[in-house]
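Step one of this worksheet: look at the structure below.
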Amino acid sequence: MSDARLVNAPVRRVTVMEDRAQVRRVGKIELEAGQHLLRVERATPLVVDRTLRAGLGPDGSGRLLDVRIRREATVRASAPQQERELSEQIEALGVEHARERDHGRAVDAEQQATRRALTDLLSVIADEAGRGNDHADSWRSGLSAIAERSRALEEEAAQILERSEQLVRRMQQLNHRRWLALQPTSVYWADLEAVVEVERAGAFEVYWEYLVPCTMWRPSHEAQLEGDGKLSWSTYGTVWQRTGEPWTAVELVLSTARPALGAELPTLAEDQLFLRPKTGAERDEVEVTLRDETIANVGPAVEARTVDTVPGVDDGGETRAFRLADAVSVPSDGSAHLVRIGQFQTRCDLSRVCFPEIEPLVSLRSEQDNAGKSPLLAGPVRLVRDGGFMGRSSIDFVGAGERFAVGWGSDDAVQVVRLTSRHSEETGFSRRMRHRFRVRVYVSNTAPEPRSFTLTERVPVSEIEAVRVEIVAAESSSGYDVDRDGHVRFGLSLGPRESRELSLVFDLEASKKVRWTP
3 MSDARLVNAP VRRVTVMEDR AQVRRVGKIE LEAGQHLLRV ERATPLVVDR
53 TLRAGLGPDG SGRLLDVRIR REATVRASAP QQERELSEQI EALGVEHARE
103 RDHGRAVDAE QQATRRALTD LLSVIADEAG RGNDHADSWR SGLSAIAERS
153 RALEEEAAQI LERSEQLVRR MQQLNHRRWL ALQPTSVYWA DLEAVVEVER
203 AGAFEVYWEY LVPCTMWRPS HEAQLEGDGK LSWSTYGTVW QRTGEPWTAV
253 ELVLSTARPA LGAELPTLAE DQLFLRPKTG AERDEVEVTL RDETIANVGP
303 AVEARTVDTV PGVDDGGETR AFRLADAVSV PSDGSAHLVR IGQFQTRCDL
353 SRVCFPEIEP LVSLRSEQDN AGKSPLLAGP VRLVRDGGFM GRSSIDFVGA
403 GERFAVGWGS DDAVQVVRLT SRHSEETGFS RRMRHRFRVR VYVSNTAPEP
453 RSFTLTERVP VSEIEAVRVE IVAAESSSGY DVDRDGHVRF GLSLGPRESR
503 ELSLVFDLEA SKKVRWTP
């Protein structure tokens, strides 16, 4: 076997996963029949050894005998001579900076003297004018001379300050270069090698594949809303990489795979259940609590849903890969680089909603279908409305064809104030406890145009017969709808400069054996 043959095998395809990437290098070379040692120089030293593999083209005329990686390093010693030269330059700049500082102090002292002279001259002018003496020409000449000198001193002080700042910046740069000159520099790289055997001479395609850390990607989105309800949605992938090798004009694939997670099933511990009779106190008393529950939905509903989230990309439990249509370049600088994954356009339903219990604001909300061919991954959303940047929001995982909602900020023309109160009493011979809750919401439209929106409040939903929740319709505002989850919705239409008060009163009654601490 002859000496190693160098192969020009640049990075052609990269599959970026949650926290690492699969890199494929491809090159072509002319080979004679026999065994050959092929080498790719200056690859990243971060290659995971056990993932390195190589091969020849798919024609089957050659076979791989061995593949390996050789890591090397070059250490450059410190440069004391350069450090001395830089120190002399820094010292000279320090002397010049000291001269500028002294000059600045002298100019500042002269400015103070000029201000005192102006004060004295104005005092003399006032005294002489009070005595009836008129020396207008000399006074005017003196004031002009002082003003001209003041302007000259101000310009000189500004120039001194600018020169001093430039000297400080130059000294900082030289200090950094001097520090670098005193530090030994290490450069690390790796050479990829493959031993192949071919039966006949010809041109062959050879590839190396390996896994590297120090790279990741995360999804993000941009929503552009036009006034007529047209929504343009774009999905992007933000890619970071510091692998030590640039990815220039590569075929990029963004995957939600988690190779670090492994394929082991979680260890399940035994759950032991015990039965025991209730105590007398437990039979006579039921303890209840109030809690918030997230409503889980499957299908086109827009309500929030429960998702088991883990660090990383939420892909809905199924590994997904997004292949970019065009070649992209991602330098190894650790910075964020944005690449477009996909886009679609659709029509949306616009409405104004208000949830005063959460926040006393009226917000614009759009509801639309995911018209793309692939799901939308959970991530931040950049909001653009009528060509102007509105702010940022976020979405959870949205399946293909699923309906979802996006908030577009608040309507500042509508003011909302929410007040609550509670009164408890014992009722009749049954000795049931009644807790009456009163919610008052004041809404005001300060705009000269009408506003329509849906205001949503909540009432508790009981899970046991011993506790009963009922809305007091006689004391509540009319025109509301209640769903099975306790959401009370009021449809409101406010005219220009109109204000309105809404009331919601509900009772929570519990039998005497129920113990509840609000």
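Numbering (my numbering), first residue to last: 3 to 520. Every residue, glycine too, gets a C-beta built ideally from N, C-alpha and C.
Best match in the options for proximity to residue i [C-alpha to C-alpha]
| i | options | result |
| --- | --- | --- |
| Gly318 | Ser337, Pro377 and Leu277 | Pro377 |
| His437 | Arg322, Phe508 and Gln168 | Phe508 |
| Val16 | Glu359, Ser140, Glu253 and Gly374 | Glu253 |
| Val49 | Arg434, Glu195, Gly106 and Glu156 | Glu195 |
| Glu359 | Val461, Arg405 and Glu451 | Val461 |
| Gly226 | Thr237, Met218 and Arg220 | Here residue 226 turns out to be Gln, not Gly, going by the sequence shown. Residue Thr237 is the option with its Cα nearest to Gln226. |
| Ser513 | Glu427, Arg26 and Arg420 | Glu427 |
| Ser505 | Arg442, Tyr482 and Pro498 | Arg442 |
| Gly36 | Val241, Gly282, Gln345 and Ala203 | Ala203 |
| Arg65 | Val208, Gly239 and Ser166 | Val208 |
| Ser143 | Thr448, Val18, Ala154 and Ile127 | Ile127 |
| Leu124 | Asp110, Glu156 and Ser146 | Ser146 |
| Arg349 | Glu130, Asp273 and Gly231 | Gly231 |
| Asp413 | Val355, Gly29 and Ala402 | Val355 |
| Glu150 | Gly239, Asp193, Arg117 and Leu182 | Arg117 |
| Phe455 | Gly488, Arg433, Ser478 and Ser495 | Ser495 |
Residue environment, residue i, which counts as buried when at least 16 other CB atoms sit within 10 Å
| i | result |
| --- | --- |
| Gln243 | buried |
| Val463 | exposed |
| Asn372 | buried |
| Arg72 | exposed |
| His178 | exposed |
| Thr308 | Residue placement at Thr308 is poorly supported in this model, since its pLDDT is 45, which falls under 50; the coordinates still yield a value, given next. With fewer than 16 other Cβ atoms within 10 Å, it is exposed. |
| Trp235 | buried |
| Ala45 | buried |
| Gln174 | exposed |
| Pro221 | buried |
| Phe391 | exposed |
| Gln83 | exposed |
Residue i in three-state terms, based on DSSP
| i | result |
| --- | --- |
| Gln448 | Note on identity: in this sequence residue 448 is Thr, with Gln being the wrong assignment. DSSP places Thr448 in coil when its eight states are reduced to three. |
| Thr53 | helix |
| Ala23 | strand |
| Gly393 | strand |
| His105 | helix |
| Ser454 | strand |
| His425 | strand |
| Leu184 | coil |
| Pro221 | strand |
| Pro382 | strand |
| Glu511 | strand |
| Leu506 | strand |
| Arg117 | helix |
| Glu477 | helix |
| Gln274 | coil |
According to DSSP, residues forming a beta bridge with residue i
| i | result |
| --- | --- |
| Gly64 | Val200 |
| Gly318 | Partner(s): none; Gly318 has no beta bridge. |
| Val341 | Gly239 |
| Thr245 | DSSP lists no partner for Thr245. |
| Asp193 | Arg72 |
| Thr348 | Leu233 |
| Arg7 | Leu40 |
| Ala407 | Glu369 |
Interface flag, residue i vs chain C, CB-CB below 8 Å
| i | result |
| --- | --- |
| Leu95 | Among the chains in the structure shown there is no chain C, since it carries only a single protein chain. |
Between the CA atoms of residue j and residue i - distance to the nearest angstrom
| i | j | result |
| --- | --- | --- |
| Glu211 | Pro261 | 16 Å |
| Ile466 | Val474 | 20 Å |
| Thr458 | Thr269 | 44 Å |
| Val416 | Arg502 | 11 Å |
| Ala11 | Phe206 | 12 Å |
| Val490 | Leu510 | 16 Å |
| Asp68 | Gly246 | 25 Å |
| Arg424 | Val484 | 21 Å |
| Gly106 | Ala159 | 6 Å |
| Lys280 | Lys515 | 15 Å |
| His339 | Val332 | 7 Å |
| Glu87 | Arg14 | 45 Å |
| Arg55 | Ala327 | 26 Å |
| Asp51 | Val241 | 24 Å |
| Leu176 | Leu163 | 20 Å |
| Glu500 | Asn447 | 5 Å |
| Ser368 | Val400 | 15 Å |
| Ser395 | Glu93 | 53 Å |
| Gln161 | Leu120 | 24 Å |
| Ala449 | Gly493 | 19 Å |
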